[in-house]
Ligand code: DPP
Ligand code: ZN
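In full-length UniProt numbering, the protein residues as written are 12 to 864.
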């Protein structure tokens with residue numbers, strides 16, 4: 012397969028200002044007629060080339076006349092043209108019911124729907140399927156009226172009618188030129204939860220969330236989130252919605268979380284449907300975040316799109332930053348920041364440290380679907396956040412205004428965005444642009460040396476590690492917020508300052524310090540880097556108790572626990588006293604909100620502990636973490652029990668405060684179970700049975716699923732029977748077991764793969780079992796190698812149905828450099844087995860071969 016390179020970008024040879032689609036829907040045989048008005052871009056003599064995949068043209072006409080001098084080069088339809096403007100018509104037949112890749116037009120639960128990003132449109136019709144060809148779409152859909160009473164496409168509806176044979180049709184027009192990846196169509200038996208939104212300039216927008224009739228009661232939260240997001244984007248970015256209608260459809264089979272098609276977002280149902288009985292607080296938060304994310308794409312993605320797929324982070328990094336800011340404004344900003352950093356560290360740091368590392372603007376790909384990564388999205392968002400920090404809020408807003416104004420209706424690049432930041436911010440971001448080209452997580456070594464006479468010297472050094480294809484790195488611009496605190500009193504000794512570390516090393520002197528200083532650095536996680544700063548347990552404990560930046564406070568606590576756990580893994584045992592006392596202090600601090608306490612007292616994950624070690628020993632990490640969990644549980648048992656009792660709620664409410672109470676209470680439950688497995692299991696089972704909401708039920712189930720009590724089996728059975736008709740909750744049943752810390756998880760997961768409710772055809776289900784298992788460090792790295800074999804088997808099987816989702820499950824197998832030689836060999840052997848599989852997709856081939864390097 013051919014590699015696509017960023018450097019090889021060429022502007023399109025032909026523009027397509029208008030596209031009319033006439034789609035006669037049928038699951039087995041859908042007829043697509045496409046009429047393209049094409050204009051030669053400049054004085055060249057090249058033919059028109061239209062991308063296609065999986066179909067053949069039944070007919071091709073030019074200016075109304077059938078031609079036969081067209082040809083196929085691979086799957087590309089090549090049409091020789093003489094003039095500078097023509098009308099091209101093609102006709103194809105496709106079979107949505109046989110589309111298991113879920114790219115292009117496919118069937119899901121009786122619906123017909125589309126997913127076109129990145130290159131799915133070519134599976135529907137012949138078109139220049141690249142994001143820099145922007146067309147105005149008019150779409151006519153015809154379908155059986157009984158089976159598909161609702162017919163939706165982008166833009167606004169302009170006409171509809173009935174036909175004689177029980178069929179009907181609808182016509183939609185989207186006045187905004189858009190690339191083909193934003194095309195969407197849905198047909199099915201759907202009901203709408205409707206509302207309206209009045210924009211800042213007074214226009215009425217009709218909102219609708221379309222689902223199966225029986226799911227209507229679960230759409231209220233998503234609809235609220237949509238309205239909040241629309242208002243927020245007006246207030247914070249000055250962005251107003253631009254069509255008369257905004258539709259969202261939920262579908263059960265979906266490769267992504269959701270898709271920002273112009274005026275017709277299509278969502279994975281897990282990011283729409285919620286009620287207290289079936290969705291956790293985390294689900295509610297994710298729904299609001301994803302609804303906002305897709306809505307925000309209307310400007311950052313649709314009105315201004317990407318020139319080519321190497322610029323993906325232009326829309327994704329920026330839009331993730333926007334949705335993170337939105338969610339921070341809706342609840343506790345401190346807790347949101349902690350959660351976002353945890354995701355970055357769990358998903359992106361390992362990617363940046365492994366064989367699949369790539370810059371947020373990659374240089375080449377075999378299959379673009381493989382680049383919808385935590386690096387493009389989450390690190391991309393951190394890069395935008397750093398520019399916002401450097402510019403300050405007013406200049407950042409001026410810069411985004413300039414960006415939207417200048418590039419509205421066009422396909423832009425990451426450099427265009429940074430140019431606007433520079434112009435409006437009056438700053439030089441030349442060196443900062445290295446964030447777009449260099450992969451790898453920068454490391455900062457920080458040392459603070461106290462000197463006599465109230466002086467101290469801070470030494471900072473940066474190092475960007477080598478990554479595949481990038482052996483040597485240049486020094487980057489790292490915006491580090493820092494502040495000094497007094498070691499005796501915990502009082503701030505300085506203001507917070509923003510240091511731009513833009514050279515390999517830097518020294519900063521502090522004078523007039525009244526006490527020995529303690530360093531608080533990378534406050535609010537101002538730069539997505541790893542800070543190494545040898546600080547004594549007592550100093551970390553001091554910061555965890557006194558730092559005025561909540562993120563830094565959390566971070567000090569995490570560092571103290573990490574140091575303790577790394578010592579335990581390295582030496583077989585560690586002194587837990589400092590960690591216990593710091594946690595006690597947090598639990599006893601009445602000024603803290605429960606949500607924050609719930610985060611601060613959480614143990615670092617096994618994988619994050621592993622990331623601190625040269626060679627990961629999953630069993631030793633598990634033991635060290637379990638021992639600290641038990642000691643914290645035992646030493647502070649009265650406090651956990653008090654937290655458990657004090658944070659009980661009468662009934663479910665989705666508010667930041669109620670959410671925080673549930674969070675802390677469930678963290679406390681897990682510590683109680685660590686201290687007292689019998690009593691804890693009984694408490695968990697009582698909560699499991701007595702609660703009125705899924706947050707508490709799933710938390711109790713998780714605690715039980717990690718233990719050995721008899722209540723475990725009972726709870727799993729009750730849960731299964733109660734929710735056996737709800738696919739999204741069954742996903743939780745699978746993933747809770749796949750994430751269990753029990754010894755026998757690997758075997759249980761193999762058995763679950765044969766459960767009648769398990770299927771690889773549904774991406775959510777595949778991710779719930781296989782994806783969850785592969786991040787369960789202890790189970791996946793089972794010394795027998797059975798975890799690796801299982802993952803490889805599933806990837807190979809899924810690749811035949813759905814290459815994109817199969818490829819996204821593969822990366823854990825590439826972490827072989829991080830484990831001992833024996834495990835590494837087993838992992839490599841499985842990767843080699845995958846590569847040797849006949850008929851492998853380029854999606855999986857690319858991921859597996861890169862993972863072996
Ligand atoms: N639908 C995916 C997202 O919104 C890809 N654009 O991030
Ligand atoms: Zn997105």
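Cβ atoms here follow ideal geometry from the backbone N, Cα and C, with glycine treated the same way.
Of the heavy atoms belonging to the ligand ZN, none sits nearer than 6 Å to the Cβ of residue 648. The three-state secondary structure of residue 582, taken from DSSP, is helix.
In the displayed model, residue 358 falls within a helix according to three-state DSSP. Beta-bridge analysis with DSSP links residue 100 to 46, 72. Along the length of the region 524-602, whole alpha helix (DSSP H) runs at least 4 residues long occupy 548-557, 561-582, 588-599, reported in chain order. With a cutoff of 7 Å on beta-carbon distance, residue 159 and residue 198 are scored as near each other. As a beta-bridge residue in DSSP terms, residue 146 pairs with 189. Ranked by how close their Cα comes to the Cα of residue 775, the residues 100, 113, 67 have 113 in first place.
Note on geometry: alpha-carbon atoms of residue 301 and residue 294 lie some 10 Å from one another.
Of all alpha-carbon atoms in 155, 377, 561, 312, the one lying nearest the alpha-carbon of residue 425 is that of 312. Within 6 Å of the C-beta of residue 393 there is not a single heavy atom belonging to the ligand ZN. In this chain, the beta strand (DSSP E) harbouring residue 126 covers 122-126. For the region 266-317, the full-length beta strand (DSSP E) segments reaching 3 residues or more read 275-279, 315-317 along the chain. Taking 6 Å as the cut-off, one finds at least one heavy atom of the ligand DPP near enough to the beta carbon of residue 270. In the three-state DSSP reduction, residue 258 falls in the strand class (E or B). Inter-residue distance for residue 723 and residue 636 is about 22 Å (C-alpha atoms, whole angstroms). Selection 289, 391, 285, 336 evaluated against residue 303 yields 336 as nearest (Cα-Cα). Under the 8 Å Cβ criterion, the region 94-104 counts as touching the region 49-67, having at least three qualifying pairs. In the three-state reduction of the DSSP assignment, residue 117 falls in the strand class, which pools E and B. Under the three-state reduction of DSSP output, residue 164 falls in the strand class. Within the same chain, 145, 146, 147, 420 come within 7 Å of residue 188 by CB-CB distance, once the 5 residues on both sides are set aside.
Not one heavy atom of the ligand DPP is found less than 6 Å from the C-beta of residue 536. In this structure, the straight-line span from the alpha carbon of residue 270 to that of residue 630 is close to 40 Å.
For the 7 Å CB-CB criterion, residue 803 and residue 810 do not form a contact.
In the assembly as shown, residue 393 is a buried residue. Its beta-carbon has 16 or more other beta-carbons within 10 Å. In the pairwise beta carbon analysis, the region 582-600 is classified as touching the region 542-558: at least three pairs are separated by under 8 Å.
Checking the 6 Å criterion, the Cβ of residue 267 is within range of a heavy atom belonging to the ligand DPP. Going by beta carbons, residue 116 and residue 88 fall outside the 7 Å limit.
For residue 158, the three-state secondary structure derived from DSSP is coil.
Distance from the CA of residue 65 to the CA of residue 846, rounded to the nearest whole angstrom, comes to 24 Å. A direct Cα-Cα distance of roughly 40 Å separates residue 767 from residue 656.
A heavy atom of the ligand ZN is found nearer than 6 Å to the CB of residue 327.
Within its own chain, the residues whose Cβ lies closer than 7 Å to the Cβ of residue 448, once the five positions on either side in sequence are excluded, are 370, 372, listed in chain order. Where residue 618 is concerned, the enclosing alpha helix (DSSP H) starts and stops at 617-622. Listed in chain order, the beta strand (DSSP E) runs fully inside the region 732-757 amount to none, counting runs of at least 3 residues.
Taking C-beta separations shorter than 7 Å and ignoring five residues to either side along the sequence, the partners of residue 31 in its chain run 46, 149, following chain order.
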